[in-house]
Structures are given as structure tokens and as C-alpha cells.
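K.L.:
Residue numbers (our numbering): 3 to 342.
Virtual Cβ for every residue (Gly too), placed ideally from N, Cα, C.
If you're wondering where the values come from, they're calculated on a predicted model, not measured in any experiment.
Before I ask anything, let me first share the structure, which is written out below as C-alpha cells.
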Amino acid sequence: MLQKQKIDWESLGFGIYPTRSMWKSTSNSNGQWDEGGLIPYGNIEISPAAGVLNYGQGIFEGMKAHHSSKDRVVLFRPDMNAKRISRSCKRLCMPEIPEDYFMNAILEVVRDNIDFVPPYKMGGLYIRPVVWGTAPTLGVAPASEYTFIIYAAPVGPYFKNGIKPLNLIASQSYHRAAPKGIGNAKAIGNYSSTLLPVKEAKASGFDEVLYLRADNEQLVEEVGSANIFMLKGNQLVTPRLTGSILDGVTRDSVLKLAQDKLGLTIKESDLLLKDLFKADEVFCTGTAVVITPVGCITYNKKPYKINDGNMGKVSSQIRKLLISIQLEEEEDTLDWIHLI
Ligand SMILES: *Cc1c(COP(=O)(O)O)cnc(C)c1O
């Protein structure tokens, strides 16, 4: 039996719920990480001149640990996050994190906070690794010291009262990322730029913003912190990774499941906004949202309903399959599950 904290699991949302401990390690000026270790979860001290605070030299990751049907705690494809964090670090001129070092740190955090993992089917432990330039840097330059922290927080299921398809606005006022910029890194600056577009979208009654490509606004890119897919007939299409799109672990998993398990043809290519309007089904993917259907896209003040505003059959099939793999209800034939 896994011990559990006394938490009202039913009312957990997606927010910060303090846990017992977090990981912290520091790199020296040669980019070598020290041994690191767990410290109590809490505030840290930082110079006001830290690179991350002044120039946004910071990146993050997001993953979940689940209490599975086999009554144990598991991670989903953590090797993908390990590889991506180093790619993000490299782009932001920060020391890379060796894969085994990353994995060990993740395991330590989850093991020490295992009683904060929500019970089976009640959500997951959201794990947030961050890497920040923490040395003082007055001029624009890479910091001489970095901090790697992993904290975690229990979160409830994304949809509690049934799945509600998203109402998106395709933005004509804002782009998320520029070609040859940092869109393909999980860099903190990519998210501050979406705060105003999302605030404005919500004020107009939309759930989220669909971003178009900065160098060709006829093409679709992604949704702030989730990738986008379109089903037309037997073909599942998602925008190709051009450099300004984040390569989601869920995106990669959906492509593999669609092809190997559901017999769909998959295509990574340019995706025209006008083709999205005529799609049979549209959905978003990400660790936080898992798979979320899109019911309507508004462009130029005109709403385009997808599948009459309902979740499609294939979206629902892929969602079920992915979740049942993550919760070990389905056999892990692809070797995606990592035991804690
Ligand atoms: C994290 C993220 C995603 C989803 O990635 P997953 O690995 O599936 O969680 C998609 N787009 C952006 C911009 C993201 O930051």
C-alpha cells in the first residue's frame, strides 16, 4: 500500500500545492554540476542581478508521475524530457544536464514526495524541473553559475466535469515565436509573451489562443503550451517541427500510437489554417492537457465549428489509449513506462 497525504484529492486543481522537498544543484563556471541533493521545499535566495531575472536565461520542463492501476508510481517517457532539457539548455547557453544525472534527480524528488502522488485516477504529481542562470550578470552575457531545481506539486485531472472542447481564437495580433528564435526550447521567455494574448482571448470568451506562423500567417503553429493535430478522413496531420514549435512528448506519442495502434496515416507538414476549418476532428496535446478536443476556431471574427463542437471519435480513442498506457491499464508494448 502506498501511503498518502491527508489531502482533499477531489478538489485538487492545477496549482502550487507545497510538497516535502525539492532537488537543487549548482554548476560552477566550467559548467560542471555539483552532486546536488534534496532540500526542504521553499523559497531560495537569489541575486537581483541574476541572469534569469534580468535577461530571461532560464528554461523548464514538465512531466507527471501517476499512481497506476498496478498500485505503483510510474513516469511516462522521462528520457524524452531528459533529452529535451539539455537541448533547451544548449539553446540558452547553459550547461547541459547528463541524462542519468537528470533521471536520478527526478527519482529522488518523486520518491521523497511519493505520498503527494494523487491516488489512481485522481490526477498526478506534476514535476517541474527548471534551470536558471543565477550568477549576477550586469551586461548581457551568459551567467557564470547555474541552478537546477526540481519541484513537484499534486494536480487534479484536467477535466473534472466531463471533457469540454476548447473554443480557440486564431490570433491576428500576436505570434508566439519567431523563425530561428527560441520557440523550440522550453525557454521561460516564450511563456511571458503569451500572457497578454491569452488574457485578451479569455476576456472575449475564448479558452486559448491558436498561434499562426510568424513568417506565413496562413499556417498554423501551436497553442501556447500544447501542440495541435487535425484529423481528415484516415489521416492525422500536425505541423512539422520548423524550429519555432515545441516538440512535445505527447505529440510524439500520439503520432506513434496513431500509426502503430490505430492504423491511421500520419503526416508532419505545413498545416493551413483554412484546412483546419474543414477538419473532421481537431485536438491539442500536452502533458498538462493530455489530449483536449477543439470545438471551435474563430478567425477574422468568424467562428468555424469542428465536428459540431463535439469531441470526435478518433480523438477520444487516442485519448483513452494514451491515458490507459500512462496508468498501466494497457500493456506497455512501446516501453514508455518508467517505474519509480
Ligand atoms: C510543453 C509544451 C508543449 C507540450 O509538450 P509535452 O512534452 O507534450 O508536454 C507544447 N507546446 C509548448 C509551447 C510547450 O511549452
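List, from N- to C-terminal side, the alpha helix (DSSP H) runs of 4 residues or more that fit wholly inside the region 91-172.
P.N.:
You should have 101-114.
K.L.:
Going by the CB atoms, is the gap between L14 and G245 shorter than 8 Å?
P.N.:
For G245 and L14, no; Cβs fall outside 8 Å.
K.L.:
Is the distance from the Cβ of M24 to the Cβ of I9 below 8 Å?
P.N.:
Taking 8 Å as the Cβ cut-off, M24 and I9 do not qualify as a contacting pair.
K.L.:
What is the rounded straight-line gap between the Cα of N30 and the Cα of S194?
P.N.:
Going from the Cα of N30 to the Cα of S194 covers about 28 Å.
K.L.:
Can you list the alpha helix (DSSP H) stretches of 4 or more residues lying completely in the region 255-290, in chain order?
P.N.:
You should have 275-279.
K.L.:
Could you tell me the boundaries of the alpha helix (DSSP H) in which Q174 lies?
P.N.:
Where Q174 is concerned, there is no enclosing alpha helix (DSSP H), given that its DSSP letter is neither H nor E.
K.L.:
If we count the other Cβ atoms within 10 Å of its Cβ and call it buried at 16 or more, is M232 buried or exposed?
P.N.:
Buried, since its Cβ has 16 or more Cβ neighbours within 10 Å.
K.L.:
In angstroms, rounded to a whole number, what distance separates the CA positions of D209 and E37?
P.N.:
Taking the straight line from one Cα to the other gives about 43 Å.
K.L.:
Count Cβ pairs between the region 239-257 and the region 175-183 that sit closer than 8 Å; are there 3 or more?
P.N.:
These segments touch.
K.L.:
What are the boundary residues of the alpha helix (DSSP H) that includes K182?
P.N.:
Run containing K182: none; DSSP gives neither H nor E here.
K.L.:
Checking 8 Å against the spacing of the C-beta atoms, do L275 and I320 come in under that value?
P.N.:
No; because the gap between Cβ atoms is not below 8 Å, this pair is not in contact.
K.L.:
On the DSSP bridge assignment, give the partners of S27 in chain order.
P.N.:
Note: S27 sits in a beta bridge opposite F150.
K.L.:
Please tell me whether, using a cut-off of 7 Å, the distance from the CB of K188 to the nearest non-hydrogen atom of ligand 1 is below it.
P.N.:
K188: yes, Cβ under 7 Å from ligand 1.
K.L.:
According to DSSP, is P20 helix, strand or coil?
P.N.:
The answer is coil: DSSP assigns P20 none of H, G, I, E or B.
K.L.:
Measure how close the beta-carbons of S206 and I171 come, nearest whole angstrom, since I'm counting them as under 8 Å.
P.N.:
Their Cβ separation, rounded to whole angstroms, is 7 Å, which keeps S206 and I171 in contact under 8 Å.
K.L.:
I'd like to confirm the pairing. Which residues does DSSP put opposite R215 in its beta bridges?
P.N.:
Per DSSP, N218.
K.L.:
How many Å lie between G191 and G58 at the Cα?
P.N.:
Their Cα atoms are separated by approximately 6 Å.
K.L.:
Below 8 Å, how does it come out for the region 93-108 and the region 65-84: are there three or more Cβ pairs, yes or no?
P.N.:
Because the criterion of three Cβ pairs below 8 Å is met, the region 93-108 and the region 65-84 touch.
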